[in-house]
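Data block below; observations after.
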Ligand SMILES: CC(C)(COP(=O)(O)OP(=O)(O)OC[C@H]1O[C@@H](n2cnc3c(N)ncnc32)[C@H](O)[C@@H]1OP(=O)(O)O)[C@@H](O)C(=O)NCCC(=O)NCCS
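In our numbering, the protein residues as written are 8 to 179.
Set out below in structure tokens:
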């Protein structure tokens, strides 16, 4: 049984090690989530510390997925948008621990983030993902549309440049 719940800035410090595990394993498997492999524990800790500050400022919201009390997945939305884009959020850093993938956790996290965005009156979710990867298929299944593909957008954590697919979904 998987439980999805928000992660507040007060809760995040106690979850840092588990979040570092998810991030380091995800980067180690080649995912393009902003880092090159190998990702050190210090770099991962610094990343989550910055996210904790963004949560405290109210610029982001974050969720976790727990299976048998172990944190196995996470996602964030960026709500701190410019004045003319207050109606939309960016969905970022969707990650499931590799050993827990394929069980619907990624979809459940995405739907939880969307539900809160809709509750706050947001009408558009935007994201980018490596073109043609399993995440793109998951987003398509959840109703996201591809706006276009940008070649050579970012490096995979293993090094080579990869194309990114920009996607969006209207809420409500
Ligand atoms: C993308 C990601 C979050 C999906 O997490 P998940 O918990 O496996 O998500 P789900 O179980 O809801 O869906 C995974 C899809 O892969 C399939 N799958 C089956 N077994 C799988 C396995 N062992 N590993 C991965 N995917 C598997 C699922 O059936 C599903 O396919 P579908 O969308 O065609 O139905 C996860 O693969 C991940 O962390 N990837 C690396 C980080 C990343 O790319 N994040 C997206 C950044 S935009």
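Every residue gets a Cβ at the ideal spot worked out from N, C-alpha and C, and that includes glycine.
When only Cα atoms are considered, residue 65 and residue 125 end up about 17 angstroms apart. Cα atoms of residue 139 and residue 171: separation of roughly 9 angstroms, rounded to the nearest angstrom. For residue 72, same chain residues with a beta-carbon under 6 angstroms away, outside a window of 5 residues either side, are 9, 11, 79, 80, 112 and 116 in chain order. Its chain contains 121, 124, 125, 129, 130, 131 and 132 as the residues whose beta carbon lies nearer than 8 angstroms to that of residue 178, once the 5 sequence neighbours on both sides are disregarded; these appear in chain order. When DSSP states are grouped into helix, strand and coil, residue 126 belongs to the helix group. Rounded to the nearest whole angstrom, the CA to CA distance from residue 48 to residue 103 is 18 angstroms. In this structure, residue 56 keeps its C-beta atom at 7 angstroms or more from the C-beta atom of residue 169.
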